[in-house]
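Q: Under my numbering, residues 1 to 250 are what the sequence shown spells out, in order.
Pasting a structure here, questions to come.
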Amino acid sequence: SSPDFAQVRAWLQAAQHVAVLTGAGMSAESGIPTFRDAQTGLWARFNPAELATEEGFRAQPELVWNWYAERRATMAQVEPNAGHYAIAAYQQRHPGRLTVITQNVDGLHQKAGSTDALALHGNIFQDRWLDLCFHARHSGRVCAPDRAQADSPPRCPDCGNLLRPDVVWFGEMLPPATLHAAEQAAQRCTLMLVVGTSGEVYPAAGLAHQARQAGAKVVVVNPHDSDLDGVAHIVLRGTAAQTLPALLCD
Ligand code: NAD
Ligand code: APR
1 SSPDFAQVRA WLQAAQHVAV LTGAGMSAES GIPTFRDAQT GLWARFNPAE
51 LATEEGFRAQ PELVWNWYAE RRATMAQVEP NAGHYAIAAY QQRHPGRLTV
101 ITQNVDGLHQ KAGSTDALAL HGNIFQDRWL DLCFHARHSG RVCAPDRAQA
151 DSPPRCPDCG NLLRPDVVWF GEMLPPATLH AAEQAAQRCT LMLVVGTSGE
201 VYPAAGLAHQ ARQAGAKVVV VNPHDSDLDG VAHIVLRGTA AQTLPALLCD
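Here you go:
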């Protein structure tokens with residue numbers, strides 16, 4: 001443990017409010033490949049422009065639905081790692097002092113006990129209707145999914161509306177209330193830990209800049225260099241599951 005590590009521990013002890021911004025690297029040690037790891041990342045095997053977009057889904061609903069079904073099956077098997085549990089344990093010991101903001105859709109923070117994690121990109125285990133429900137405007141009823149065929153997105157038998165994964169796709173707006181809560185946490189915190197994200201995607205990555213501008217100390221935890229190293233006061237070159245338990249223990 002380096003002088004940097006000791007300094008971060010001191011900032012943590014003195015912090016009134018801590019925000020933790022996490023990305024795919026937070027779940028790497030749970031066995032979920034990150035998006036941008038060239039050799040194993042999801043984007044190495046699929047073309048994101050084809051799959052993680054609304055146009056892609058409308059063009060090939062079965063392909064995209066099955067890609068998410070495969071990811072859901074994978075994610076349902078995996079467990080939170082020591083990093084997720086260290087964050088949740090800290091929240092138990094210091095209620096209300098730490099806010100989790102995650103770009104991940106795997107639900108692992110919630111599964112580890114951080115039930116109020118702000119999920120900027122949604123949750124892969126939830127669905128929502130692709131289009132506004134036709135009936136609601138005309139008859140007060142809502143679409144009811146016909147889940148007869150497992151390998152294609154459930155469809156409303158009356159108006160043909162499709163169910164889609166409740167995740168934010170490329171080019172889509174993030175859920176406004178969640179993004180607003182995340183911005184509040186970024187402006188209010190005195191320390192932000194940025195864990196396991198390349199910092200390539202906005203507005204999530206912008207939250208680290210907002211925290212810095214608001215006067216918080218910013219610490220990156222990442223085994224490799226990232227686009228957010230430049231906004232950090234300290235960069236800890238380590239993994240989530242190895243670094244967070246040592247950092248967050250009392
Ligand atoms: P993007 O550059 O298109 O921006 C994402 C969305 O955020 C855009 O629709 C834009 O309206 C909004 N936005 C961008 N900059 C903003 C800012 N400074 N302030 C407020 N809003 C801003 O990002 P992208 O790479 O196309 O991805 C879109 C989103 O979907 C990202 O958040 C990405 O992480 C997410 N995503 C999720 C998955 C998944 O499977 N969960 C896959 C791909 C992308
Ligand atoms: N511990 C901590 N960080 C790790 C670990 C680990 N064990 N393993 C990898 N990392 C780091 C990598 O160095 C990389 O910087 O995690 C980061 C993963 O970056 P990405 O794969 O780009 O994932 P992320 O930053 O979450 O992507 C942002 O883009 O594709 C969209 O919506 C998707 O939420 C995602 C967003």
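Using N, Cα and C, we set each Cβ at its ideal position, and we do this for glycine too.
May I ask you to check if the CB of T190 is nearer than 8 Å to at least one heavy atom of the ligand APR?
A: The sequence position of residue 190 within the sequence shown is 190, counting from 1. For the ligand APR, not one heavy atom lies less than 8 Å from the Cβ of T190.
Q: Curious, which full-length alpha helix (DSSP H) runs of at least 4 residues does the stretch 148-208 contain?
A: For the stretch 148-208, whole alpha helix (DSSP H) runs of length 4 or above, ordered along the chain, are 176-188.
Q: Identify every run of the beta strand (DSSP E) within the stretch 16-82, keeping only runs that are complete inside it and at least 3 residues long; order them along the chain.
A: 18-22
Q: Whether or not the stretch 188-197 and the stretch 158-176 are in contact is what I'm after, with contact meaning three or more pairs of Cβ atoms, one per stretch, closer than 8 Å; do they touch?
A: Here the stretch 158-176 does not lie against the stretch 188-197, with fewer than 3 beta-carbon pairs under 8 Å apart.
Q: So the beta strand (DSSP E) D127 belongs to, where does it begin and stop?
A: By 1-based counting over the sequence shown, the position of residue 127 is 127. That run of the beta strand (DSSP E) goes G122 to W129.
Q: So what's D250 in DSSP terms, helix, strand or just coil?
A: Here the question's residue 250 lines up with position 250 in the sequence shown. If DSSP states are grouped into helix, strand and coil, D250 belongs with coil.
Q: Using three-state DSSP, classify L98 as helix, strand or coil.
A: Taking the first residue of the sequence shown as 1, we reach residue 98 at position 98. Secondary structure at L98: strand, using DSSP grouped into helix, strand and coil.
Q: I87 and G107 - do their beta-carbons sit closer together than 9 Å?
A: Translated into the one-based positions of the sequence shown, residue 107 becomes position 107. Translated into the one-based positions of the sequence shown, residue 87 becomes position 87. Going by C-beta atoms, G107 is not nearer than 9 Å to I87.
Q: Determine the direct distance from the alpha carbon of A117 to that of Q110, and round the result to whole angstroms.
A: Translated into positions along the sequence shown, residue 110 becomes position 110. Translated into positions along the sequence shown, residue 117 becomes position 117. A direct Cα-to-Cα measurement between Q110 and A117 gives close to 7 Å.
Q: Below 7 Å CB to CB, which residues in the same chain sit around G31 once its five sequence neighbours on both sides are set aside?
A: Counting from 1 along the sequence shown, the entry for residue 31 is found at position 31. So the list reads V78, once near-sequence residues are dropped.
Q: Just curious, the beta strand (DSSP E) that V8 is in, first and last residue?
A: Here residue 8 refers to the residue found at position 8 when the sequence shown is read from its first residue. Premise fails: V8 lies in the alpha helix (DSSP H), P3 to A14, not in any beta strand (DSSP E).
Q: Between T178 and the ligand APR, is there a pair consisting of the residue's CB and a ligand heavy atom that are separated by less than 8 Å?
A: One-based indexing of the sequence shown puts residue 178 at position 178. T178: no, Cβ never under 8 Å from the ligand APR.
Q: Answer yes or no: do G238 and P223 have a C-beta to C-beta separation smaller than 9 Å?
A: Mapped onto the sequence shown, residue 238 falls at position 238. Mapped onto the sequence shown, residue 223 falls at position 223. A contact, by the Cβ cut-off of 9 Å.
Q: Under DSSP, the alpha helix (DSSP H) around L236 begins and ends at which residues?
A: Residue numbering aside, residue 236 sits at position 236 when the sequence shown is read from its first letter. Following the DSSP letters along the chain, one finds L236 in no alpha helix (DSSP H) but inside the beta strand (DSSP E) bounded by residues I234 to L236.
Q: What is the DSSP secondary structure of D229, counted as helix, strand or coil?
A: In the sequence shown, counting from the first residue as 1, residue 229 sits at position 229. Correct three-state label for D229: helix.
Q: Can you list, in chain order, the residues of its chain whose CB lies under 6 Å from that of H121, leaving out five sequence neighbours each side?
A: Locating residue 121 in the sequence shown gives position 121, counting from the first residue. The beta carbon of H121 sits closer than 6 Å to the beta carbons of Q103, V105, V167 and V168 from its chain, once the five residues preceding and following it are set aside; these are given in chain order.
Q: Look at the alpha carbon of V142 and the alpha carbon of E55, and state the distance between them as a whole number of angstroms.
A: The sequence position of residue 142 within the sequence shown is 142, counting from 1. The sequence position of residue 55 within the sequence shown is 55, counting from 1. Taking the straight line joining both Cα atoms gives about 24 Å.
Q: Need the endpoints of the beta strand (DSSP E) that V105 sits in, please.
A: The residue given as residue 105 occupies position 105 in the sequence shown. From DSSP, V105 is part of no beta strand (DSSP E); its letter is neither H nor E.
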